[in-house]
Each structure stands twice: as C-alpha cells, then as structure tokens.
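Protein chains in written order, with my numbering: chain A, 1 to 405; chain B, 1001 to 1405; chain C, 2001 to 2405. Note that the Cβ used here is the ideal one computed from N, Cα and C, for glycine as well. It should be emphasised that the depicted structure is a prediction, and the values quoted were computed from it without experimental measurement. Heads up, the thing below is written out as structure tokens.
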Amino acid sequence: MSKSTDQNERLTRVGPGTPMGELLRRYWHPVAVAIELDENPVRKVRLLGEDLTLFRSESGELGLIGPVCPHRCMSMAYGIPDERGLRCAYHAWLFDPHGNCLEQPWDDRANPEAHFRDKIKIKAYPVQELGGLIFAYMGPQPAPLLPRWDLLVRDDLDRGVEIQPIPCNWLQCMDNSFDPIHFEFLHAGFGNYQLERLGRPQGMTRARHVDIAFDVFEYGVYKRRLLEGQAKDSADWTIGHPVLFPALLSIGDDVRSGLHYRVPVDDTHTVQFAYSTRLREPGADPKPIGIEYQVIFDDNGNVIAPIDTTLKQDMVAWVAQGPISDRTQEHLSSGDKGLILYHKLLNENIDRVARGEDPMGTIRDPAKNQMIAIRRSREHDKPFGISNSLEPTLWRNPEKAPSAV
Amino acid sequence: MSKSTDQNERLTRVGPGTPMGELLRRYWHPVAVAIELDENPVRKVRLLGEDLTLFRSESGELGLIGPVCPHRCMSMAYGIPDERGLRCAYHAWLFDPHGNCLEQPWDDRANPEAHFRDKIKIKAYPVQELGGLIFAYMGPQPAPLLPRWDLLVRDDLDRGVEIQPIPCNWLQCMDNSFDPIHFEFLHAGFGNYQLERLGRPQGMTRARHVDIAFDVFEYGVYKRRLLEGQAKDSADWTIGHPVLFPALLSIGDDVRSGLHYRVPVDDTHTVQFAYSTRLREPGADPKPIGIEYQVIFDDNGNVIAPIDTTLKQDMVAWVAQGPISDRTQEHLSSGDKGLILYHKLLNENIDRVARGEDPMGTIRDPAKNQMIAIRRSREHDKPFGISNSLEPTLWRNPEKAPSAV
Amino acid sequence: MSKSTDQNERLTRVGPGTPMGELLRRYWHPVAVAIELDENPVRKVRLLGEDLTLFRSESGELGLIGPVCPHRCMSMAYGIPDERGLRCAYHAWLFDPHGNCLEQPWDDRANPEAHFRDKIKIKAYPVQELGGLIFAYMGPQPAPLLPRWDLLVRDDLDRGVEIQPIPCNWLQCMDNSFDPIHFEFLHAGFGNYQLERLGRPQGMTRARHVDIAFDVFEYGVYKRRLLEGQAKDSADWTIGHPVLFPALLSIGDDVRSGLHYRVPVDDTHTVQFAYSTRLREPGADPKPIGIEYQVIFDDNGNVIAPIDTTLKQDMVAWVAQGPISDRTQEHLSSGDKGLILYHKLLNENIDRVARGEDPMGTIRDPAKNQMIAIRRSREHDKPFGISNSLEPTLWRNPEKAPSAV
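Below you can see the structure in the form of structure tokens.
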C-alpha cells in the first residue's frame, strides 16, 4: 500500500512543468489578504515554486509580475507603485499588470526612435480580489472563473483570516483533511495529552468512530463520519464536511464557517489562509476584515508554540511528516480510504489536464458562479465538544480582531 | 605521514554500512541521562547518523525506536507514552520497545480479522540504564554486555554529567586524548594566553614533557607522560591515564574521577557526556545525579563562551580542526605516536569486525562484568597545578549541582 | 545584449585558477583596518575565495597566512602572537609572515636532528599597511607596488572607514559605479520614495541626465555626466569622477574625498571599505582614524536598516540583483554603455594576464608611486543637492567618529 518514489513525486511536486504543477496551475490560489497591501503596496510572493512580485498601482489596480526587472535583474520587490503599474527602483522602468514595459525614462528621451521598451516584457499573471483575498491564476488562457464560494460573497458575514506558514509539502495538509478518524486520536487523544502536560483542563471528549464514508460531487468530496452514540440521521453522517478540489477545506456550520486554503508555496512550503466568517447580528454594522499571522514552527519544523488547538494539532501532524512525507515508507490501512480516493482524483485530473481537458471543479459559466452555495449542516453538532477549539484565535483576541462579538 | 582521502573517510564516517560505522555499532553508547526523561519522557535522538526516538513507557520501560510511525510517517517524537510502549500521536498506533505494533485502534475494531498490526514493525534498538546514563546498542545480536565500569556502579560515589554538543567529527576528540604533549601547549600555553586576555590570573604552571609512552591493554590504551622534574616512579609515568576503546576517556584520580564519553551523532557532530564522580564523605547521604548543558559553540563552530578551562580548550582544539579534519593535509610528527597507534587499532578492529570477530574490549562474560575496575593513580599528581581547571563546572556551581561539597 | 552563462562566470568568479580570480590576484586589496588588530591581533580573513589568517606579531610585523596549521589542521585563528610570528594554539608550532616554520617545540627537543620544521611551510601572502588600511597581495612574485593614492598618503587629512559586508558578487557593486544615470532614478526617485515612506523630507532634487561619457585613463575610467541646467564647462562634465581599476570608486571633491574599495570575499560575498577623508582645519591636531561597522543586510540579503542614504540605496541595488546577477536574463540599454566598457576592459585584462603581461594600472616604478594624485573637481557641484547624503555616517555620529568637525 506504499507508493513508489515516482508516484510520490508526481503527487507532491508543484513547480512549472511537473504533472501536479500543471494541474494546480488550472486553479486560482490566494496569495495575500488585500489589506496586506495597505501598509506596503509591493510584496514578494512565492507560489507553485515561482518567485513573483505582487503590487497595487496608485490607481488601485492589482498586478502579479516577475521577481526581477528585465533590464538589470534588480528585484521588483523594491519597485515604486505608479498610476499605471510598478516602476523598477534602479532606472524607473515601468511595467503594467499585463507585463508590458510602458516607460524607460532614460531610453525614451536618449534614444526614443529605438522603441526599446516595446521589445521588453516581464512575466505577469492575472489576479483578482474577492472576499478580501487576492487570488492568482498561473495557468494557460483562457483562465477559468474564480469560484465565488458563498462565504466569499455573502453580505451577511464578517470575516477574518489567519495566515500560517507551514514548512512542509501541501499534500500533507490535504491528506489530513481526507482522514476523519484522526480526529479521535490526534485531537482527543494527543490534544488532551498536550493540554494535560500544559496543566490545562481536557479539551475534548473522546468519541469513537463507527464508520467513515466519502462522496465525490461536482466541486470535491464530502467526507462523512458516524460516531459512537450518534444517530444515523445526524448531519455529520447525512451531509458531512466538504473538501473542495484541489486544496480547500470547508469547515463549520451555518453560524460560523470557514475556508482553509492550503497554498503550495513550493515543494516544501505551504501557506494556509484560514478564512473565517461569522454571521453578523441583525442590524449590526459590517466589520472590516481581521488578519492575524501565526508562526507555529521554526525553519527546521520544530514547534515553537503550545499545541493547544485542533488547528495547531493538525499543523503539527502535517509538518511532523517531514518536508515531503516519504510515502514509499508508509503503510496505509482501512482508515485511509479517504486519502486514497483523493490521490486517485488527483491522478485522474493530472491526466485530464495532460489530455487538454478542464480538470474537476473548473467553472466557466458565469451564471453558475454568481454564488456557489456549499451545503453544510444546519448547526454544528459538536460531537467532540470542541466548539472552543475550532473558534479561531482571531475572534478570541478582541484587541487583534475587528471587535469582539 | 598524511592520510589519503579514503583512509580519512574510513576512520571518520559513522553511518550504517561504513567500516567505522560497523565497528562503532559493536559497542554501547550513552544517548541520554535518565533524568532527562523525567520532564518529557519522549526525546529525539541522533546516533551514528540515524534518527531515533527515545522514550520511557508509563511502566518505566525504556525504548529506542525509529523516528517515524510506519503508518503515515508522522514523527514519533510527538508520541504518547503508554503502559506498554509509545503511541503515535496521529492515529494512536502503539509500539513496544522491541518494535512490535501492539495496537492500531481503528483497524483493530474496524477490520480485526486482517491482523494488520502483525505486519507492522518499527526499527528498535536495545537500551539499558546504568549509573544514571541510558546506553544504546545498534549492532547485530547477540549484543555484548554493557561494560560496568567501576565509576558507573560503585555505591560510594556521587555523580554529575555535563552534556556538551560538539559540532565536529568524533575522531578529533579522541585524537586529542591520545596526544599527551598538547597539555603543555594547548592548556599551559594557549590556556594561559586566553586567561591573560580575559584579565585573569594564569591557570597553569608550564611543565615540559620529557617522554611519552603508550601501553595497549585489554580495554584500551594507557597513555603515560614524564615531565621535567618528575621522578620516573611517579604514577603519571608508571600507571598513566587510560583511554577506553573505542571512544571513552577516563580521567582523574581516586577521589574525583570521570568518564568522558564521546558519542558520534553523525559524521560532523558529536556529543560529549562528561561523567564526573566524587567520593562521598563517610556518613553523608547519597546525592541525586546532577546535570548541566554546556553550549560552547554556535552552529558554525564559533566559540561563544570564554575558553577558560582545560575542557573548553580541548573542545576548541577539536572543533577548530573543522567539521571533519582534512587529514590529507596534516604532517604528523614524533609527538603524534599515540594517535598513530590509535588509528592502527581502529583499522585492525574494523578488519576484525569485517571477519565476523568481536572487536577489542568486547565483554560477553557476566562474571568479568560485575564491576570493571580501572587502575588509576592513587591521587592526582597535579603536575600542572590544574586541579581547579579539571574540576567540572558542575561542582563549582552549587546552585546547579546537587549540592556543594 | 545579454551574456552567456560562460561570459557571466568569467566576469564574476574570483577563486584561484578562474580567469577573473587570476586578474584580481594582480592587485592589492584591503583586508582590514590596522586598528582592528589592536584588540585582537589575530583575525580570520576571507579574500578571493581563500580562507586566511591575518595577524600582527609581538614585534609589530604583519602576516597573512593559511587558515590551518600544517601539523594537525588546527585553525590558526586561535594562534598566539610571538615576537617572530604566530604560534599554533595546539602544539605551539611557530610560523613567520613568510610561511616558514621557525619552531616545533616538542620535535625541536625530542628529535632535533630530524629538522622536521624545515620541511614544513604554510601558505603566506605579503601584506602592507598604508593610510591606516592593511592591504594583501595574492598573485605571483614580483608583486607590483601598492598604489599610494593621494588620499592614503596626504598628511593634511583626517580619515575614517565604514566597513560594510555585502552579501552578493563584487561585480554588481562595480557595475553600479559605471552607471551614472541610476543617480537620477535610484537616488532621487527611489530614495525620495523611501524617505517619504519613512515620513522624512525629500533628500534630493531630481535632475535629468542630458548626456553621459566615459574616458579611459592610465588607472581606470573617468565617468562624466551632464545634467539638465548644467553648463558644459561644469566639472561634472569636463573632469568627472574616476573609477580606479579594477574595483575602487573614487568619490568626493577637494574638501571631502573618499575611496570605496569593493573587496571580493568570494563569489557571493563582498566587503566594502568606504574610506573617507576630510581636509584638516589649519592648525588642528591630527585625529586618529575612525571606524564603523554597518550591517545593512541579513544573511538572506534582506534589508534590515532604513534605506535613507545614497550609499545604502546603492547597496540595496547591488544586493537586490541576487547573490550573482543572472546576466543571461538582462537587457542592457543605451544607458549601460559605462558598464559595457568596463566589462570589455575586464575581459581585455584577463587576456593580458593570460599572456603573462601586467594588467591595466599595474605600478612598478617607485618614482611614480610617491603619491598618485587623482584629479578631482575643485569643489562638489552638488547637482542633486545631496551633500548630506554623501556625508558618511562616520562624521555625523560624533560619539562614534574621532570627533565632530
């Protein structure tokens, strides 16, 4: 039940030209929270193994272009935003969000007839803002539509984002999301052990899994669990929790829901945008989006924070498998059928892309994309009694969040 | 008199399958002080180039097993001690100290007839506790006996351990121990120069070496020195100081003696367990073992502490030869005959192991291993007037040591 | 207009045996400020990819020798200065500045007839002190003369040195010095943008370049600029600013002048000795040389200081091109003719050295080397109104500089 090295490489490598890199380039990925550009409108970004420069021009237009100026290879991260794009700090060449060189101040006046700037392009990818996030698309044109998941577009929600750098391959995060039974062991078992070692009360009642199941649907997979003592008509078993293809976990219920985007930075680094929403109380004013950076690991993957929430326990499990988990050494069991299914879907969709087809979940019909409602259980079942642990830090730190609810 | 690259590799490399790695795997090596497991009963250990997990079960049994769970490659360093062994944090698979998988909670109830756990093993090495230290053996079975050196087993001694990470190859530490004349130069000369630069009084009277000699015995080599002004019946010349094969320096006299274990972590890292004993005063209560961590170097091998003791001067000499000393560039002289002898013994014993024989100092007769007394001079001759420098920090910091003597 | 990988390697690599390494080894390079040896007379030095040990003997003689003792490869950075040279800390072997082994204390008395020390040499390079700097020469003998630039030898100047580690290849620093027009964009444009972001007043009036020109002379190249509104008889256009071959920028005017030595540490590291002088006021006492260390970048090349001076803006431009700028990706324009000329000179002089000839600027006639006066504009034209930015930090921090003027 273990994989060959080739199979593991095929599933994990994200750089340009790799099979998985090509599949992932058919989707939009978040690269920043829009308000991150307020203080400094130019940021280095690394996505799918490529170094890039994200910026907002003085007119408010977003751009995602190559890391260095084509003139003398100066980093564009020092660029100066202009009305029409971003200027290199060194000689003020100006690039627009489409990668065109609009100005070369010295050559434009010293040698205008040469039209040298018309020969110059910088790599550029489309970006779009939605729900307070900035998304990028790095695949071939025409780009599919950026999915308008309900949580991104509903006007009755307040929003926050926790940003977590994860020093390991992205697939470890996703494998975890396709594995319902770890909840019983990693969160109830190990989680309680950690809390006990920290001298804190137990966080979670341990409930045994009776069954797990997985249903493929248009946008991904619903995972379902049945726990000891749970009726078969519980929403956990009848509806379950969706994982959206290729790398997005949907969590929560009707009142508090979230989307956990796992963004492959490169083969051994991931960043999670843990996007949280909360139903606004009737009559209340909308709150500006909150943002919080959470660094749980040092550069060597060692934990540098208490492992006191389910999310942190998950992150520890991801990173503790190493920079890229050596799946040639693993022994999958009957509890791993969710991630076996997921790997099968990934492989099938790699093949679809290789055949020139759109992969699973591609949206090209604007009518379907007004707002894509994800079916969720009506209210959280709290089978593990974990409502507190699922509550993102964001809402529990009033001084950091927009305001306490 | 310099070595070829191949000869240097043969003497220094410690990984599995290397000639020296195979020789070193025929001996027990300390990996921790037992009390280090009191606060956290699970620790990462790296020994002879292998990553491992040391633990103490809830029933008090010690285990040293592979670094990751065979299920999904999660680090066992996050494991939870159980009555019978160590559970993986992710899905609670339970392993005993022999590497057997005793439980797979999900599979055991979902799919018990498959007996999947019987197909699963994790790497496991025997460990034993003696004299407050935990020793591991990584070679083929049957394992030799763990040597019961007198200082580890006598009941009239109090004990302490200084633990020093050394960012260089282990052989540099041992070469130093087979080189009596460096004492005159590194400790008296350079040591006094360092103390002078620190504005402190001279630490050592400089005495010239007149002769050096080496006697191979059953467990290693006695090195002897004769200094200017010393009579030929002095214990330094008639008895000398033993180095125990393969990597253990014995120091001191009848009152204060020590064992300096140099443990090869990997090719470029060593950890020294500087084990100190002191004769308990008649009628006094036994003291619990003391422990102190001493970090003298940063990751680049730069000294980050004053070089004010003989032990620190030795450590500087080891590390200042680089991660692995380039012995193809060295020019050994007549003063290096001790380490030339030592390298010859190492090479001979590599060959013995290759022929399937037990190497030097292997103990298999329990009768001989009740307590192995090492002959020492009756009291320290103090030829260099260095009694203070040899005093380990442990005993000089009453607040850190068990209690001041 | 971009280079091949081979062409870029040829221009940038500085190790022994590389074409550029051989050219650079025909010149003297500063390795320390003499007063840096006052506190500790022994220092590690890395120059042109070679690790070395700089020392001052007890008699005051300077030496630059190999990094490790030929005996047991112990680092000579722990050496003990002696009347006649430097002793290894381990066994006190003594080396003079010419690399001879003068003493081996143990072998000299145990085995004197072997004359073992006569068979031992350590690598040694000539060093000379001039103007408060220590210069080294690593090429073949006979060494050319150490150039006695006027600023190093005049007796009417006070002096200071800022030492700046630069985590990138040396050529990026020099390319910048051969590029007059960046001043308008990097300093006026980007510099003002940085000051604005820091909430400080604009530092520089932006003046447009009308023309640039370059004149090769015996010791290097004069670069000239003509700005909008500047008369053609201005010193900036009639004289210009000299860059001395191969890697020395001359700055300033008759009152405050400087020499910016860019010293190639290895392929991806440079150290700048920014040597500043100031005309001493009539009747004033000479001031001792000042020294200041400026760390602008972390190990990853990220800026860790405000970018608030022209010198820091230049350093950002150097380092932001990466460890070695990928000149296969650059697109040089008409404004880059200065650095195109410089690369041509470098290539021609690499060829001269390969033919066994002295390269450009080699000085072998002592009569010419009494004092080499560099022609400068009579007083600074301040076309950009930047006198403050050019003022080295040294003189603006009275508590750090010798004394405020």
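- Nearest Cα to A/E218 within the set A/Q128, A/L345, A/L130, A/L94: A/L345.
- Sequence-distant Cβ neighbours of B/V1255 in its own chain, meaning closer than 6 Å and more than five residues away, are L1279.
- Nearest Cα to B/S1234 within the set B/M1020, B/V1042, B/R1376: B/R1376.
- The region 1098-1150 of chain B is shown to contain whole alpha helix (DSSP H) runs of 4 or more residues at 1105-1110, in chain order.
- Taking 8 Å as the cut-off, the Cβ atoms of C/V2243 and C/F2178 count as close.
- Around B/I1080, no beta-carbon contact reaches into chain C at under 8 Å, the shortest distance being about 37 Å.
- Between B/I1122 and B/I1080, the CB-CB gap reaches or exceeds 8 Å.
- The CB of C/Q2321 comes closer than 8 Å to the CB of V68, R72, C73, M74, S75 in chain A, given here in chain order.
- Judged by DSSP in its simplified three-state form, A/S250 adopts strand.
- Here DSSP, grouped into helix, strand and coil, assigns C/T2238 to helix.
- Contact with chain B is found for A/Q329, since one of that chain's Cβ atoms lies less than 8 Å from the residue's Cβ.
- According to the DSSP assignment, B/L1048 belongs to no beta strand (DSSP E), since it is labelled neither H nor E.
- For A/A367, the number of other beta carbons within 10 angstroms of its own is below 16, and it is reported as exposed.
- A straight line joining the alpha-carbon of B/Y1027 with that of B/M1360 spans about 10 Å.
- The region 1284-1297 of chain B and the region 2051-2069 of chain C do not touch, with fewer than 3 CB-CB distances between them shorter than 8 Å.
- Interface with chain A (8 Å Cβ-Cβ cutoff): C/V2316 is included.
- Taking 7 Å as the upper bound on Cβ-Cβ separation, chain A lies near residues I2181, H2182, F2185, L2186, G2189, F2190 of the region 2167-2192 of chain C.
- Inter-segment contact for the region 13-23 of chain A and the region 122-137 of chain A is absent: fewer than three beta-carbon pairs are separated by less than 8 Å.
- For A/R262, DSSP records a beta bridge to A/Q272.
- Shown here, A/W28 sits in a strand according to DSSP, grouped into three states.
- Listed along chain A, the residues sitting closer than 9 Å to C/D2326 by beta-carbon distance are V68, C73.
- By the criterion of a C-beta distance shorter than 7 Å, C/I2374 is surrounded in its chain by W2149, D2150, P2242, S2250, once the five residues flanking it on both sides are discounted.
- DSSP lists C/I2163 as the bridge partner or partners of C/Y2293.
- DSSP places A/A213 within a strand segment (E or B) once states are collapsed to three.
- For A/S334, the chain B residues whose C-beta falls within less than 7 Å of its own C-beta are D1107, A1110, N1111, listed in chain order.
- Between the region 1307-1315 of chain B and the region 1182-1202 of chain B there are three or more C-beta pairs closer than 8 Å, enough to call the two in contact.
- Of the other Cβ atoms in all chains shown, 16 or more fall within 10 Å of the Cβ of B/L1157; this residue is therefore buried.
- For B/R1109, the closest of A/L52, A/V14, A/L47, A/D211 by C-alpha to C-alpha distance is A/D211.
- Along the region 88-101 of chain A, the positions whose C-beta sits under 7 Å from a C-beta of chain C are A89, Y90, H91, A92, read in chain order.
- The beta-carbon of C/H2209 is placed less than 8 Å from the nearest beta-carbon of chain A.
- In this structure, the alpha-carbon of C/R2117 lies about 38 Å from that of C/I2350.
- Your pair A/V153 and A/Y275 does not check out as a contact, with CB atoms roughly 12 Å apart and the cut at 8 Å.
- C/D2326 places its beta carbon less than 8 Å from that of A/C73.
- The residue from B/K1337, B/H1343, B/D1365 with its alpha-carbon nearest to that of C/W2106 is B/K1337.
- The alpha carbon of B/S1257 has as its nearest neighbour, out of B/R1159, B/P1167, B/A1143, B/A1354, the alpha carbon of B/R1159.
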